[in-house]
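Start counting the sequence shown at 10; every next residue gets the next number (the numbering used here).
We put the beta carbon where it would ideally sit given N, CA and C, even for glycine.
These numbers come from a predicted model, not from an experiment.
Working notes, structure below.
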Amino acid sequence: MTTKLVRKVLMATSAAGVLASMSLLPTAAQADTWKYAIEEAINEVQGVYATKFKEEIEKNSDHEVQIFPYGTLGESADTMEQTQAGILQFVDQSPGFTGALIPEAQVFFVPYLLPTDTEQLNEFFRTSKAINEDFKSLYADQGLELLKMFPEGEVAMTTKKPVMGPDDLNEVKFRVMTNPLLVESYKAFGATPTPLPWGEVYGGLQTNIIQGQENPTSFIESTKLYEVTDAITYAGHSNFTTAVMANKDFYDGLSDEDKKLVQDAADAAFEYILDYQKGLEKEALDKIKKAKPDMVVTVLSEEQRAPFKKAAAVVEDKFIEMTGESGKAILDQLKADLEAVSK
Ligand code: 6CS
């Protein structure tokens, strides 16, 4: 073939390619595979949420959602980086790990801020302006489209010895998620806080590098953490909050129809996961007691909670110190939202 002919053929094929891509593959209607990483196993709360989200997307469009459970792509910090880089389209990262990136997200670790009543808590997550509006712009600043925040259950402390008050946490190396305010909380509670990624918790308890940690009961059961712990204590200080988000450039590039598809799927999964969790904590505690009859389970009385509640004021001050005006605005809004659902 002469050079001229080669050039002509190339021009013709590339022109055909452009035409084909314009006429046959309009971007809006293109079926894509979206990658979504979670911090838990597929049968745990984040996995159940993600599965429902996937079902909704796939039922209502030609897109596919591929879920990557904990461990398949690294720790939570890794999947967050991958989402910010656009390698993943969706990620579930709990505020317990988002503190360094978005300091205001630590507000969920001001002890005794969230109600222990589940209905009230669910309604708060459903209606809160702080959650559904104000946090959106803070996540957007980090290249993330916040889709949903939801609760995963009351947080219990697990330790080697029973905890009746802050004195029992003295000299206890207590694992916390990698979050500066959680460190402050457990300092105020009298423990020696040790921030660690999730992957180091079971082994750390087994080898006695740490002696305590906190998580919802269902997670303590499903991850078999009860095997390496002897006491479970309910102080009512916190409910585990998690957040689902999308890479913002990816989200902004979606057609209006696909944006609605994603929002509707996130909404449907939200209601689904709240319903799914009814009775879950009790079931999990029953399983733990059956598997380990010697487990000491303590629900602290109001009187026993008093010193922990007192420590909460110190933590709230620390939160304001760490986050300034912006954190104070989120905290005030959150309190107003909580007040609205308590009526
Ligand atoms: O404690 C943790 O690190 C983990 N806890 C829960 C309930 N979900 C994921 C997170 O990694």
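(request) Report yes if the C-beta distance between Gln98 and Ala255 is below 8 angstroms; otherwise report no. (result) As a first step, residue 98 must be located in the sequence shown, where it is residue number 89. As a first step, residue 255 must be located in the sequence shown, where it is residue number 246. Taking 8 angstroms as the Cβ cut-off, Gln98 and Ala255 qualify as a contacting pair.
For Glu49, verify whether its CB is less than 7 angstroms away from any heavy atom of the ligand 6CS. As a first step, residue 49 is located in the sequence shown; it is residue number 40 there, counting from the start. The answer is yes for Glu49.
Task: Member of Arg184, Gln151, Asn131 whose CA lies at the smallest distance from the CA of Phe159 - done: In the sequence shown, counting from the first residue as 1, residue 159 sits at position 150. When each option's Cα is compared against that of Phe159, the closest is Asn131.
Is any non-hydrogen atom of the ligand 6CS found closer than 7 angstroms to the C-beta of Ser85, if you look at the structure I gave you? Your numbering for residue 85 matches position 76 in the sequence shown. Yes, Cβ of Ser85 sits closer than 7 angstroms to a heavy atom of the ligand 6CS.
Whole-angstrom C-beta distance between Pro204 and Glu290, which should lie under 8 angstroms:
Locating residue 290 in the sequence shown gives position 281, where the first residue counts as 1. Locating residue 204 in the sequence shown gives position 195, where the first residue counts as 1. At roughly 25 angstroms, the Cβ-Cβ gap does not stay under 8 angstroms, so Glu290 and Pro204 are not in contact.
- Task: Locate the alpha helix (DSSP H) running through Tyr243, then write down its first and last residues.
- Result: Along the sequence shown, one-based indexing puts residue 243 at 234. Unbroken run through Tyr243 is the beta strand (DSSP E), 240-243; no alpha helix (DSSP H).
- request: Using only alpha-carbon positions, find the residue among Asp143, Gln129, Leu153 that is nearest to Ala349.
  value: Here residue 349 is taken as the residue at index 340 of the sequence shown, counted from 1. Ala349 has its Cα closest to that of Gln129, out of Asp143, Gln129, Leu153.
Give me the DSSP bridge partner(s) of Tyr45.
By one-based count along the sequence shown, residue 45 stands at place 36. Answer is Ile76, Phe99, bridged to Tyr45.
Where Lys296 sits in the DSSP three-state scheme
On the sequence shown, residue 296 is found 287 positions in, with the first residue counted as 1. Reduced to three states, the DSSP call for Lys296 is helix.
List the whole-angstrom C-beta distance separating Ala274 from Pro171, where the pair is believed to meet the contact cut-off of C-beta under 8 angstroms. Position 265 of the sequence shown holds residue 274. Position 162 of the sequence shown holds residue 171. Ala274 to Pro171, Cβ: 43 angstroms. No contact.
Over what stretch of residues does the beta strand (DSSP E) that includes Gly213 continue unbroken? One-based indexing of the sequence shown puts residue 213 at position 204. It is not in any beta strand (DSSP E) - Gly213 instead sits in the alpha helix (DSSP H) that spans 210-215.
**Collapsed DSSP secondary structure at Pro171 in the structure displayed** = As a first step, residue 171 is located in the sequence shown; it is residue number 162 there, counting from the start. Correct three-state label for Pro171: coil.
Q) Can we count Phe228 as close to the ligand 6CS, meaning its CB is less than 7 angstroms from some heavy atom? A) Counting from 1 along the sequence shown, the entry for residue 228 is found at position 219. Answer for Phe228: yes, Cβ within range of the ligand 6CS.
* Asked: Between Glu223 and Ala277, is the Cβ-Cβ spacing less than 8 angstroms?
  -> Counting from 1 along the sequence shown, the entry for residue 223 is found at position 214. Counting from 1 along the sequence shown, the entry for residue 277 is found at position 268. Result no, Cβ atoms of Glu223 and Ala277 do not sit closer than 8 angstroms.
Exercise. Touch check for the segment 173-183 and the segment 132-146: three-plus C-beta pairs under 8 angstroms?
Worked result: no
Where the alpha helix (DSSP H) containing Pro353 begins and where it ends: Any question about residue 353 goes unanswered here, given that the chain covers just 10 to 352.
> Can you tell me whether Asn5 is buried or exposed, with buried defined as 16 or more other CB within 10 angstroms of its CB?
Replying inline: Absent from the model: residue 5. The displayed extent of the chain is 10 to 352, so no value can be given.
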